[in-house]
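Residue numbers (the working numbering), protein chains in the order written: chain G, 24 to 247; chain A, 24 to 247. All C-beta atoms, glycine included, are put in the ideal place defined by N, C-alpha and C. Only a predicted model underlies this, so the values are computations on that prediction, with no experimental measurement involved.
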């Protein structure tokens with residue numbers, strides 16, 4: 024997007040709203056994660072595998088963003104956790120106001136984990152804070168190991184890189200070590216997990232990361 | 024992106040510049056194509072295969088857009104046609120002004136075909152006219168057959184859909200007929216070619232389409 028003055032105003036208004044959301048998430052001990060990738064890198068599939076793995080009583084909810092359609096919400100509702108689709112109608116990213124509006128009838132005191140699936144776009148979502156505790160970026164092994172260098176902002180701002188579709192590694196010219204090196208050139212020390220949503224390989228590492236984050240939030244909430 | 028008043032102004036200024044470019048391309052009989060897709064769908068690979076297939080003397084040039092790096096230009100220069108990288112430095116799309124500026128020292132009278140590779144993004148580039156004769160959208164078979172419905176604008180505005188990475192069809196849950204149906208729900212009658220840049224399968228159909236477009240432009244230029 025263009026760094027025109029109006030956009031700076033939009034961004035600073037977004038930052039203000041996001042700070043409010045972050046404060047509310049902190050108060051209620053809610054871990055909020057903002058999941059970002061290109062279209063078709065496996066965000067919805069990773070959420071399917073994640074919801075599938077969680078016991079029915081867990082206090083988990085999902086907001087899923089798309090330009091058009093509510094396909095993703097329909098896929099995710101099968102797991103019986105609360106899911107809402109945010110249809111942006113052309114806007115290339117989610118923003119804090121959309122999150123605020125869609126949380127109005129979801130009391131945060133009933134939640135421990137809020138998973139936000141952003142619009143499929145490796146560029147614009149990186150500029151819009153949603154009040155999340157962490158951004159997570161997905162990169163599928165079919166997209167090429169150069170992507171962290173070409174789209175550095177989102178790799179710099181994300182706490183975790185999930186390399187997806189590892190089941191396709193035998194069939195694509197993708198150097199997974201080079202991909203990790205490129206990510207860490209942009210973001211030294213970046214955490215990386217490698218998963219196949221299709222076969223389930225590596226999902227355990229992702230779920231362990233998630234569990235660690237959830238425990239950290241609960242500890243902070245108890246101490247606070 | 025947000026439909027705020029300033030953005031409308033930016034878009035109408037872009038449309039004005041694009042109309043000027045289109046007029047210049049027409050005058051000089053240059054076919055200009057604007058190639059758009061998600062990151063990693065195979066835009067650069069398709070251009071590699073295309074340049075490789077063209078006789079050395081052809082009057083062809085490439086502009087290739089990225090947020091960061093000039094990797095793509097480096098890959099494409101091997102084929103000895105003029106190539107320039109446009110590094111947008113954060114902007115999520117190419118615009119007509121960038122094209123105008125990068126054409127300043129390329130006399131259009133020396134060109135028959137200008138291939139523009141846009142920034143990897145299925146959303147924002149669809150709003151920015153570059154003066155092209157046609158937009159071309161790529162969708163790789165690893166991205167899911169629902170994408171035309173989720174990102175309708177670019178499928179509606181593109182003359183041709185290139186389904187890429189067909190060599191991976193045996194390994195992914197992708198229904199290629201459903202993908203074509205979805206594209207044609209958004210864009211009735213849309214032309215579709217299916218290619219593998221890796222194996223070369225289907226490239227002939229793409230090259231035939233390109234040749235047909237080039238001949239049409241030449242005919243118009245001769246008549247005019």
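What is the DSSP secondary structure of residue i, counted as helix, strand or coil?
| i | result |
| --- | --- |
| residue 55 of chain G | strand |
| residue 36 of chain G | helix |
| residue 110 of chain A | strand |
| residue 93 of chain A | coil |
| residue 165 of chain G | coil |
| residue 140 of chain G | strand |
| residue 86 of chain A | strand |
| residue 25 of chain A | Reliability of the predicted coordinates at residue 25 of chain A is poor, the pLDDT of 49 falling under 50, and the value obtained from them is presented with this limitation in mind. Three-state result, residue 25 of chain A: coil. |
With a cut-off of 8 Å on the beta carbons, I'd call residue i and residue j a contact; round off their distance for me.
| i | j | result |
| --- | --- | --- |
| residue 89 of chain G | residue 173 of chain A | 5 Å |
| residue 52 of chain G | residue 241 of chain G | 6 Å |
| residue 122 of chain G | residue 154 of chain G | 7 Å |
| residue 54 of chain A | residue 136 of chain A | 5 Å |
| residue 125 of chain G | residue 86 of chain G | 6 Å |
| residue 131 of chain A | residue 47 of chain A | 6 Å |
| residue 113 of chain A | residue 176 of chain G | 7 Å |
| residue 215 of chain A | residue 140 of chain A | Not really, about 20 Å apart at Cβ, beyond 8 Å. |
| residue 78 of chain A | residue 116 of chain A | So it is not a contact: roughly 32 Å between Cβ atoms. |
| residue 143 of chain G | residue 63 of chain G | 7 Å |
| residue 226 of chain G | residue 72 of chain G | 6 Å |
| residue 189 of chain G | residue 217 of chain G | 5 Å |
| residue 60 of chain A | residue 161 of chain A | 4 Å |
| residue 178 of chain A | residue 206 of chain A | 5 Å |
| residue 165 of chain G | residue 222 of chain A | Residue 165 of chain G to residue 222 of chain A, Cβ: 15 Å. No contact. |
For the alpha helix (DSSP H) containing residue i, list its first residue and its last residue.
| i | result |
| --- | --- |
| residue 245 of chain G | 226-246 |
| residue 204 of chain A | 199-209 |
| residue 74 of chain G | 66-76 |
| residue 116 of chain G | From DSSP, residue 116 of chain G is part of no alpha helix (DSSP H); its letter is neither H nor E. |
| residue 172 of chain A | 170-173 |
Should residue i be flagged as near chain G, meaning a C-beta pair shorter than 8 Å?
| i | result |
| --- | --- |
| residue 151 of chain A | no |
| residue 245 of chain A | no |
| residue 205 of chain A | no |
Nearest chain A C-beta to residue i closer than 8 Å, yes or no?
| i | result |
| --- | --- |
| residue 185 of chain G | no |
| residue 94 of chain G | yes |
| residue 99 of chain G | no |
| residue 25 of chain G | Note that residue 25 of chain G scores 49 on pLDDT, short of 50, meaning its location in the model is unreliable; the coordinates nonetheless yield the value given after this. Yes, residue 25 of chain G counts as interfacial toward chain A. |
| residue 143 of chain G | yes |
| residue 198 of chain G | no |
| residue 115 of chain G | yes |
I want to verify the contact list: residues of chain G whose CB lies under 8 Å from the CB of residue i, in sequence order.
| i | result |
| --- | --- |
| residue 90 of chain A | 146, 173, 174, 175 and 176 |
| residue 165 of chain A | 63, 163, 165, 188 and 191 |
| residue 169 of chain A | 92 and 94 |
Starting from residue i and walking both ways along the beta strand (DSSP E), at which residues does that stretch end?
| i | result |
| --- | --- |
| residue 152 of chain G | Unbroken run through residue 152 of chain G: none, as it is neither H nor E. |
| residue 217 of chain A | 214-217 |
| residue 181 of chain A | 181-187 |
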